[in-house]
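To start, the structure itself, in structure tokens.
Here you go:
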């Protein structure tokens, strides 16, 4: 028997909703996993905000506040949702998935109408007029030149005063940052395919065993939930190759490990505990560790793995690098956001090699690439049409 809205919590029908959306009626499928994560985040947001707990309490103002928090980016905010930097498209997708849940609840009798679809609720959402494909950030030639010059210089400066290869690990951070920047600049791989996503336990970050420098390829867990071989152009290959020499990783290590000391110390503590060390012995050992070289040597010695950088960590790194390089963009991000690297790669590939080659490099359908980069084709067609009329009119 369907409970009345006043008796039913907003979370209660979620499992039934997810089963109804899973392929074949089972609890599997990409839609189910993505939607479950987003809706559960919404439920956690309701709890943190002290918002509605039952369907009777839900109203458009609740969703208006949710939409506002989705679109707000403030790294210092108390609300975790506001500390995440989401693109306009991601904001709309997240909101649509939550709205799909409440829409299903309408059809199941928990709500009379969908409060998420009321105009007052949707007003804070970013516009999606679909009119310009070129409005999203895409790294330009000048952007690539500026950021790669900066990370090259940072590596060079870090090497000053290092007299032999045994001290190279002191420069691991600039080497890692340079490799990351070059991969974002030239490969077209999504940032989320390179590092860990705390919200998705299947995304643990690219591992060295999935990198073939000989074949110039990366094997990543792609956005469409499958393993995909991606190209590593020569510009990025050289930076990754040199970085690998400095890092000296085990095959199961993440390509881009965090260098955050508390996270590394915790990895050592946890790992030594699995080797049978007592808590006091672990703490005594960790107390004597100082600096990245010593920590990573311990990880190697005991066959432990450092944690991967996260998607938020990559954004913080790019903000830091842009600030150090005096690179400032006049858009909602204000810095070279990771997704802009992929779009910049797409711009170059479409202009130089066409839509088919761009689609292959970006691991996307040609139809999707044509939609995303239609502004390039429109410009080319305008020039071609102008020439046609000049020839026709004599």
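In the working numbering, the protein residues as written are 504 to 897. The beta carbon of each residue, even a glycine, is placed where N, CA and C say it ideally should be.
Cβ-Cβ separation, residue j to residue i (assumed contact under 8 Å), whole Å
i	j	result
residue 680	residue 824	6 Å
residue 864	residue 691	5 Å
residue 647	residue 837	That pair is no contact at about 18 Å.
residue 561	residue 614	7 Å
residue 809	residue 760	4 Å
residue 708	residue 721	The Cβ separation is near 12 Å, so there is no contact.
residue 629	residue 579	No, residue 629 and residue 579 are not in contact; Cβ-Cβ is about 22 Å, not under 8 Å.
residue 828	residue 665	Not a contact, Cβ separation roughly 22 Å.
residue 538	residue 600	5 Å
residue 749	residue 685	Contact doesn't hold; Cβ gap of about 14 Å is too wide.
residue 557	residue 512	6 Å
residue 549	residue 555	6 Å
residue 935	residue 756	Not covered by the structure: residue 935. The range shown for the chain is 504 to 897.
N-terminal and C-terminal residue of the beta strand (DSSP E) that residue i is part of
i	result
residue 487	Nothing in the structure corresponds to residue 487, since the chain is present only between 504 and 897.
residue 577	Element bounds for residue 577: n/a, residue is neither H nor E.
Boundaries (first-last residue) of the alpha helix (DSSP H) holding residue i
i	result
residue 644	644–662
residue 783	782–790
residue 610	591–610
residue 770	764–777
Environment of residue i [buried if 16+ CB atoms lie within 10 Å]
i	result
residue 875	buried
residue 895	exposed
residue 746	buried
residue 572	buried
residue 523	exposed
residue 764	exposed
residue 871	exposed
residue 728	exposed
residue 623	exposed
residue 813	buried
residue 565	buried
residue 596	exposed
residue 778	exposed
residue 866	buried
residue 742	buried
residue 862	buried
residue 701	exposed
residue 858	buried
residue 816	buried
residue 640	buried
residue 843	buried
Assigned secondary structure, residue i (DSSP; H/G/I helix, E/B strand, else coil)
i	result
residue 840	coil
residue 699	strand
residue 757	strand
residue 513	coil
residue 868	coil
residue 715	strand
residue 692	coil
residue 748	helix
residue 877	helix
residue 892	helix
residue 835	coil
residue 704	strand
residue 733	strand
residue 616	coil
residue 710	strand
residue 557	strand
residue 537	helix
residue 622	helix
residue 587	coil
residue 526	Bear in mind that a pLDDT of 48 at residue 526, under 50, signals an unreliable position, so the number given afterwards is only what the model happens to contain. Helix, per DSSP.
residue 849	helix
residue 629	coil
residue 828	coil
residue 909	Only positions 504 to 897 of the chain appear in the structure, and residue 909 is not among them; the question remains open.
residue 728	coil
residue 667	coil
residue 562	coil
Residue i Cβ short of 7 Å to the ligand ADP heavy atom set
i	result
residue 871	Annotation note on the ligand ADP: not contained in the displayed structure, which lists no ligands.
Practice problem: Please list the segments of the alpha helix (DSSP H) lying wholly inside the segment 793–820, counting only runs of 4 or more residues, in order along the chain. | Solution: 795–804
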